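Quick notes on the structure that follows.
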Amino acid sequence: MSTLKEQYFQRFASQGLARLTEEYQKKYHPKKGDRFFYNEVTYEISNANVVNGEIEFEISSKIPQDLLAKKMTLEEYFEAVKKTVLKEAEKPVSIDMENIIREVRADETKERDYVKLLYRYPPDKVYDEKKVIREAEEIRQGKSPLPGPEIPGVSTLAGKLVLLAVERGIQEKAKAHLETLIKANDEVIAELKQKSRKGS
294 MSTLKEQYFQ RFASQGLARL TEEYQKKYHP KKGDRFFYNE VTYEISNANV
344 VNGEIEFEIS SKIPQDLLAK KMTLEEYFEA VKKTVLKEAE KPVSIDMENI
394 IREVRADETK ERDYVKLLYR YPPDKVYDEK KVIREAEEIR QGKSPLPGPE
444 IPGVSTLAGK LVLLAVERGI QEKAKAHLET LIKANDEVIA ELKQKSRKGS
């Protein structure tokens, strides 16, 4: 059973991921739930979970099967995206190709393959405790304004600042990873389109 602290971390990390989803749904083409569409690909950002004290989340992108034709297999596409993602300084805990079957109508289903990336962070890699202490001191001295509304159940200023830092930190990390995944898909799609133009 999760502790109260873990529940708060999960809630605020999920809020950061939801804000990121909203940002990209406005920037590109929104789809149902936590998804958006850009350059032939649907992307999805999960909610956060706290597992063994660490905050984790998933980012996934649908493999654009219609573009592949005979130019590239699903596995080749996955490996090409994976190669770019693994160049990141902060690598995912796992990279998997996942097959998902969705029911679109009572008698109809759609089968899709996704690149799924799992990231996991201990809280001290998400926010800087010294920075939080400095920020709290500046607020107490009247040098900085109080941040946002009260958080029910959180009685201390430092506790509130930590949760807001977790929300912001996870959002920033997820955005960097999402941009890498978008870049990876863009590179592979550009290669596929070039092959199509050449007729190879």
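Residue numbers (the numbering used here): 294 to 493. A virtual CB, placed ideally from N, CA and C, is assigned to each residue, including glycine. Given the structure is predicted, the values throughout are model-derived calculations rather than measurements.
{"query": "Burial state of leucine 457, where buried means 16 or more other Cβ atoms lie within 10 Å", "result": "buried"}
{"query": "Sub-8 Å separation of valine 378 and alanine 469 beta-carbons", "result": "no"}
{"query": "Helix, strand or coil at asparagine 478 according to DSSP, with G and I counted as helix", "result": "helix"}
{"query": "Buried versus exposed, by CB contacts within 10 Å (16 or more), leucine 474", "result": "buried"}
{"query": "Span of the alpha helix (DSSP H) around tyrosine 370", "result": "367-378"}
{"query": "Among Glu404, Ile338, Val481 and Glu347, nearest to phenylalanine 302 - alpha-carbon criterion", "result": "Glu347"}
{"query": "Per-residue burial, glutamate 460 [other beta carbons within 10 Å of its own, 16 or more giving buried]", "result": "buried"}
{"query": "Residue burial classification, glutamine 308 (beta-carbon count within 10 angstroms, cutoff 16)", "result": "buried"}
{"query": "Selected residue, minimal CA-CA separation from serine 384, among Pro416, Leu485 and Ala467", "result": "In the sequence as displayed, the identity of residue 384 is lysine instead of serine. Looking at the Cα atoms, Ala467 is the closest of the given residues."}
{"query": "Neighbour-count burial assignment, valine 455, 16 or more Cβ in a 10 Å radius", "result": "buried"}
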